[in-house]
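Participant:
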Amino acid sequence: MTERMAGALHRKMPGLMLAQWALVFAVQAGGGGFNTVVVVNQDSSNSCALGNYFCERRHVPPENVLRVHWSGANTLWTSNDFQINLVTPLLDMLAARQLSNQIDYVVLSMDIPFQTAFGSTVNGTTSALFYGSRLGNGSDVLGVTNSYAASEAVFRQATPVGAPGYAFLTTMITAGSLTQAEQLVDQGVESDGTLPQAPVVLAKSSDTDRNIRYPYFDNAIFNVNVLGVSSILRTNTDSLGGQTGFLGYETGLAQLELAPGTFVSGAIGDSLTSFSGVIFGPNDQTNLLAFIDAGAAGSYGTVAEPYTATQKFPNPQVYFYQARGFRLAESYYQSLNAPYLGLIVADPLAAPFAGAGYGQWSTNLPNAVLNGTTNLFVQFSAHDGFHPLQQIDLFVDGTYFSTLTNVAPCPGNQLTVTLNGYPITYTIPTNSTLSTIASGLAALINAPAATNATQVKALVRGDRIELQSTATNLMTVPFYVADTTPTNTPGLAYSVSYLPDSSPPRMVPVRANTGGAFTMEVETPSTLPYVILASTNLQDWLPIFTNQVPGLLNFSDPDAANYPARFYRMTWPVADQPPGLSAPALTSSGAFQMHVDSVPGLPCAIQASTNLVDWVPLFTNQPGGAIDFVDSNTANSDCQYYRAWLVPPAPADFTVLAGPGNATLVRVDQASRPYAVGVSTNAGQWTVLETNFALGEIQTTAASAIGSGGQLSTFLTASRSRFLASSAFGIQGYTVISNITMLPTNAWIHFTFTKTNGQTVFVAVTNQSGGTSVTLASQIYALINANPALQASDGVVAEDFALNAGNAVSFNLRARSQGYQAATIQVFAQVYPQSKFAVAPQQSTLMQNLSDLQPRNHLYVTAGTGNLALTFPLDTTALTDGYHKLTAVAYEGSSVRTETAATLPVVVQNTALTATLTLLDLTNQAPVQGSYHIEVAANTNTVSLITLFSTGGALETATNESSVIFQVEGTNLWAGLHPFYAVVETSDGLRYRTQTQCVRLLP
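Right, dumping it as structure tokens:
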């Protein structure tokens, strides 16, 4: 066979280049310490040391530390204790330090009670600080539902409804020891922006009381796969088998074992069991600290009996929120519908998938002396083109000072989503937010005219639109091509023609999949066998895949990672070769036989004639290739002629429609091969408008235009260029119930299955004697799984058999293959006598999980610009004279709002006042058990007040002294890195802040 060869494609292992700004520069991926308060128990050295460690690693300003006193146990306190010792001091501190509008996160540093008794209900302390204490017995006025759940919104803009005047994304950092708790902090910090490729495992355990989250697995897996930056594995095992290197693990077991190193940094894991949140004290169940000790950055558990309520435990969507870039606390609380019994132990700021940008100040030198009104220049660049920057805030010494710029969605901008070529355009109105824009665009997608044309529906998820295909057969979904040629153009005509077999295929590399395999899209024009070959030296070529399905192939080479470089090329037969007939002969019965040769993949028809004029079709070899054909109807024929010819595919239908504006839409239906849509004005010369390879798929493009707006600041992006097919298995739950104990001997259950190929399978069981509905249900369950006609990939499996209250039996029927089409198996269930027992549903398909079976895509609405650069005036007279750190924080223009921060130290000097701070006997790495002395001296005698600050705010004050020596007890601060600075105030209203000096106290 003659072959043709495509040009080679080279895949090389990527390199890495690093660049760094020249000026003082810091990046906070996924959130910052400026928005966090750390609460330490002053009566616990471990609590203080751990809080200090968290502050150091997360750059939490010293004023953001709250010291409380609790000498009781670290297990349980009353709601009154909670209010007096935590809530009231926290709110007072925020008001006094002007942090109320700045703080979203609260971290409780170990040795603070994890349970809060509220009436007869024990709440998780972190949840009580998240949305208030709840009774959960139906008497709560606003219920227990967390309105922030599944919002995919900025927390401050979507705080939980019913929160009692405060709402914080609260977690606890704790462990069995201080060292282990510090490792928890490391496991969070070291994950930021790492984009881990480690998989998450969702386990449907053998414990039917605790594996109840499995119906939610498919939705999370689907969304993660659409997003395409991480991966989730599904299993039905009760153990990870000692394996390590996972990004998450969600299971349901009373006891389990996790090996050290089970998790990579940033991992989230938990087990659905009653008391996994009881981290200290008697507990015969594995508590959440097992996940922390195994390397996770966060875990969750309930502190009181939750019963079998999945809403009280994290939904697997937590891993999708994390993959979007949300911080760990945001991800967890968005996955919890009713968290009031829950405890979260975690680094709340961990964000493995946050994509920070780049920023710099252009002031000439760090520690520049500023006075009066000074123009400063700062600039930021987005992480990539899909994550624009929207806002820049200025913080001075860690405290919010002002918003420098906020790029709102610009009225008049236009967002266009094109679904299989059908354009839908939304114009941004005034005062829009990301969520209102998403809602407005979704409404247009869901308009009857649009859904009829596209067979797509839209669901709004905050700043995200989830697109789901409603088509029952994707091959019947029309494709549209837009043309702007004026409709009154003389001779205007359109055509749709299949690509000829002679068209060369095309290989287009795309990003590696989450498993690291090299991936490319292969466009094949016909049913010819196209062979992909690979080589490492351009000489020795190995065939690795053959494709005979025309259209677009997503090809992955999992072996590519084993080579430093690998090359690819394609071969295929010469097109348009006519079929041949040979070796004519008569069989012993007098029938005529012959050998037919044709190109594999090209349908070949055999016709017969007695006069070479009238030809009768005898046989079509649909797959092509070589066959031996026997014509048994030749015995009575004196003369018979035969010929073979290539069968052309049925032509596609097309319709010309009026499109939006002045455009024309060419609608194409019933295409069986890749095709080109052409336009002509003279019926002789045709111009190709578009070529469509992606048959049976819904293609998606997203575009943003300035429209009538003054600038382009609103953007729409699609996760994928085509809807992703589901990997879920269709499922349907069944219940068998009886109103009597014993069934009559002639009672029966029948299940009739109509498979997707039309085959009917009948499964039945009849009660012999002494049987119950439970007996018959278990027998029909076993027979379904034993029936040979239901064992193949187009069959079903019965699973999850359970005996429930009242002797009701429930079980699931699941398709044996993935996706929508496999779930279209029809099931008809009957029982006799119906007056004695029943089965429900009686007639159905396996589509109880329909939304998880329909192909899916995501759209994201963002606002901002790829580069934010501005010069702004800073009135330094509004600042205290002395040493400061100016931090500009740029926020990503999505609900994730990943922060990028650039910090510049400066000195403000508008008056003659100066002061110094001297560590007299306090050296770096000093023992915590010691008394130390710090001198503060001003250059004037008009001093009214000197205040010494360190971790936790003001330590000591002195009045009416120009020079003072403060005594500092190391045990008031405990081990950790501590900044020291002083603020000097004079009687005439002047203020000066000394330079900060840091000292590490050792235990």
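Each residue of the sequence shown is one higher than the last, beginning at 0 in numbering that gives the first Met the number 0. Don't be surprised by glycine CBs; every beta carbon is placed ideally from N, CA and C. Because the structure is a prediction, the values reported are computed rather than measured.
With the cut-off set at 8 Å, would you say S894 and V153 are in Cβ contact?
Facilitator: Going by C-beta atoms, S894 is nearer than 8 Å to V153.
Participant: With distances taken Cα to Cα, identify the nearest neighbour of W685 among Q310, P214 and G490.
Facilitator: Cα-wise, what sits closest to W685 is G490.
Participant: Report yes if the CB atom of Q841 is closer than 8 Å to the CB atom of Q829, and no otherwise.
Facilitator: It is a contact, given that the beta carbons lie within the stated cut-off.
Participant: Identify every residue that forms a DSSP beta bridge with G881.
Facilitator: V907 and R992, per the DSSP bridge assignment.
Participant: For Q156, does the count of other Cβ atoms within 10 angstroms reach 16, so buried, or fall short, so exposed?
Facilitator: Its Cβ having fewer than 16 others within 10 Å, Q156 is exposed.
Participant: Does DSSP put L141 in a helix, a strand or coil?
Facilitator: Correct three-state label for L141: coil.
Participant: Classify C997 as helix, strand or coil using the three-state DSSP reduction.
Facilitator: In this structure, C997 counts as strand in the three-state DSSP scheme.
Participant: When the Cβ atoms of the stretch 885-902 are set against those of the stretch 342-359, are three or more pairs found closer than 8 Å?
Facilitator: Touching, per the Cβ criterion.
Participant: When every heavy atom of the ligand ATP is checked, does at least one fall within less than 7 Å of the C-beta of V188?
Facilitator: In the structure on display, the ligand ATP does not appear, and there are no ligands present to speak of.
Participant: Would you tell me roughly how many angstroms separate the C-alpha atoms of D217 and I231, rounded to the nearest one?
Facilitator: D217 and I231: Cα-Cα distance of roughly 10 Å.
Participant: Alpha carbon to alpha carbon, what distance is there between F290 and Q179?
Facilitator: Approximately 12 Å, taken between the alpha carbons.
Participant: Quick one: what does DSSP say G706 is sitting in, helix, strand or coil?
Facilitator: Correct three-state label for G706: coil.
Participant: Which one of P508, Y567 and N145 has the shortest CA to CA distance from Y529?
Facilitator: Nearest C-alpha to Y529: Y567.
Participant: Please identify the residue among D110, G818 and G50 whose C-alpha is closest to the C-alpha of T471.
Facilitator: Of D110, G818 and G50, the residue nearest in Cα terms is G818.
Participant: For T609, count neighbouring Cβ atoms within 10 angstroms of its own Cβ and tell me buried if that reaches 16, exposed if not.
Facilitator: Classification of T609: exposed, given that the 10 Å Cβ count is below 16.
Participant: In three-state DSSP terms, what is D396?
Facilitator: Looking at D396 - three-state DSSP - the assignment turns out to be coil, as it is neither helix nor strand.
Participant: Going by CA-CA distance only, name the one from A625, A643, F591 and V595 that's closest to V615.
Facilitator: Per the Cα distances, A643.
Participant: For E304, which of helix, strand or coil comes out of DSSP?
Facilitator: Coil, per DSSP.
Participant: As an exercise, report each continuous beta strand (DSSP E) stretch of at least 3 residues that is fully enclosed by the stretch 411-474, in chain order.
Facilitator: The qualifying runs are 413-418, 421-426, 455-460 and 463-468.
Participant: Is it buried or exposed, R510, if we count other Cβ atoms within 10 angstroms and call 16 or more buried?
Facilitator: Exposed: under 16 other Cβ atoms inside 10 Å.
Participant: Quick check: the stretch 134-147 against the stretch 189-207, are there 3 or more CB pairs under 8 Å?
Facilitator: Output reads no: the stretch 189-207 does not touch the stretch 134-147.
Participant: Counting C-beta neighbours from all protein chains within 10 Å, is the total for L972 16 or more, i.e. buried, or is it exposed?
Facilitator: Buried.
Participant: Report all residues from its chain with a CB closer than 6 Å to the CB of V838; omit the five preceding and five following residues, and keep chain order.
Facilitator: Excluding sequence neighbours, V838 sits near V735, A828 and V830.
Participant: Output the distance between the C-alpha atoms of L85 and N512, rounded to the nearest integer angstrom.
Facilitator: Going by the C-alpha atoms only, they are around 47 Å apart.
Participant: Return the first residue and the last residue of the beta strand (DSSP E) that Y497 is part of.
Facilitator: Unbroken beta strand (DSSP E) run through Y497: A492 to Y497.
Participant: Tell me the DSSP secondary structure of P508 in three-state form.
Facilitator: In this structure, P508 counts as strand in the three-state DSSP scheme.
Participant: Measure the CB-CB distance between F352 and R326 and report whether it falls below 8 Å.
Facilitator: Cβ atoms of F352 and R326: not closer than 8 Å.
Participant: In terms of alpha-carbon separation, which member of T879, Q924 and A925 lies closest to A911?
Facilitator: For A911, the nearest C-alpha among the options comes from T879.
Participant: Taking E798 as part of the beta strand (DSSP E), name the residues at either end of that continuous run.
Facilitator: Segment V795 to L802, the beta strand (DSSP E) holding E798.
Participant: What's the gap between the Cα of T475 and the Cα of G695?
Facilitator: Looking at the two C-alpha atoms, the distance is approximately 7 Å.
Participant: For T404, which residues of its own chain have a beta-carbon under 6 Å away from its beta-carbon, when the five flanking residues on both sides are left out?
Facilitator: For T404, where only same-chain residues beyond five positions count, the Cβ hits under 6 Å are I391 and L869.
Participant: List the DSSP bridge partners of R666.
Facilitator: Looking at the DSSP assignment, R666 forms a beta bridge with Y479 and T654.
Participant: Using a 10 Å radius around the Cβ and a threshold of 16 neighbouring Cβ atoms, would you call E465 buried or exposed?
Facilitator: Buried: at least 16 other Cβ atoms inside 10 Å.
Participant: What's the gap between the Cα of N336 and the Cα of K311?
Facilitator: Rounded to the nearest angstrom, the two C-alpha atoms are 6 Å apart.
Participant: Around the Cβ of T158, are there at least 16 other Cβ atoms within 10 angstroms (buried) or fewer (exposed)?
Facilitator: Answer is buried; the Cβ neighbour count reaches 16.
Participant: Roughly how many angstroms lie between the CA atoms of Q928 and F81, to the nearest whole one?
Facilitator: Whole-angstrom Cα-Cα distance: 31 Å.
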